[in-house]
Amino acid sequence: LVSTTYAVSDQATFDLGATVASGAAATATVTMAVEGVPSATIYTTTVRDVQDGCLPPSFATATSETSANTTTTGDEVEIRSPFGDFVNPDFTPTEDDVVVIGARDTSKERQATPGVIFAECDEYPNSEPGLVYDTDVVTLFWSWYAKTPEQVQDHIDNAIYEIGVFDSQPFQQPVIVSDIQLRDGDYWVFYTITLGNVKPAGYPVEFKLSWERAISDGYADFGPGTANERVNSTCTFVVTPNPEGKTVRYTFP
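Residues in the sequence shown are numbered consecutively from 94, following my numbering.
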């Protein structure tokens, strides 16, 4: 690979010929890695756009390899919980059938950690919030990890988070930052917002992360002037009335 600037266009195809309906939104995660070593990523970015028509390619068309598996979106990785262990342990996400005879099943299952919601859940199928009741104590969280505690602290000192709901309206609840903690060889920090008992409705969360200056997590560089200048993600969760019909005093919104 020659060190220079590259600009190419590629066309990604959904499995089984699925398409994005007009007016619907789609999310794509683009990752570059060392040839032959897909785990050695050097650049990752996530984009989200609305299907409002297709424009001709802006650059020369590149030819890419299509994965042989059936996963079309997201990373099938487990998300660490601020309360220990992982979110939704033993949960395995399933792909929706492209063609369904009759009404599509839109029901969600009850997770083992109900109400513990990862702020980037739309990008990570294993963190699907599942069925959340208004009696659950809802905690929204996100995290960062690095090879050393100093690198995590560097992130804490330079990270600019913009977390909002309903057109990016910021949450009024305070953000709690955990102590830096060692987990399985890496150092982690967790950010949590306790929403409490949430009024039944759908809640679209927007997650934006940038940095005041460039940092490193020991694996890659992030921030101004690097290949990873920002992170944009989303999480949509739905709260439904509890099946026991209990009266709830809502604390959000």
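Just so it is clear, CB atoms sit at the ideal spot from N, CA and C, and this is done for glycine as well.
When secondary structure is reduced to three states using DSSP, Ser326 falls in the strand class.
Under the 10 Å beta carbon count, Gly177 is surrounded by fewer than 16 other beta carbons and is classified as exposed. When the Cα atoms are used, His248 and Gly316 turn out to be separated by approximately 10 Å. Going by beta carbons, Pro293 and Val332 fall inside the 8 Å limit. A direct Cα-Cα distance of roughly 9 Å separates Asp310 from Trp237. Here Pro218 carries a helix assignment [DSSP, helix/strand/coil]. Here the alpha carbons of Gly295 and Pro263 stand approximately 16 Å from one another.
Between the C-alpha atoms of Thr228 and Phe211 there is a straight-line separation of about 19 Å.
A direct Cα-Cα distance of roughly 7 Å separates Phe300 from Gly257.
Membership of Pro242 in any beta strand (DSSP E) is not indicated; the residue belongs instead to the alpha helix (DSSP H) covering Pro242 to Asn251. Shown here for Val268: same chain residues with a beta carbon closer than 6 Å to its own, the five before and five after excluded, namely Tyr284 and Ile286 in chain order.
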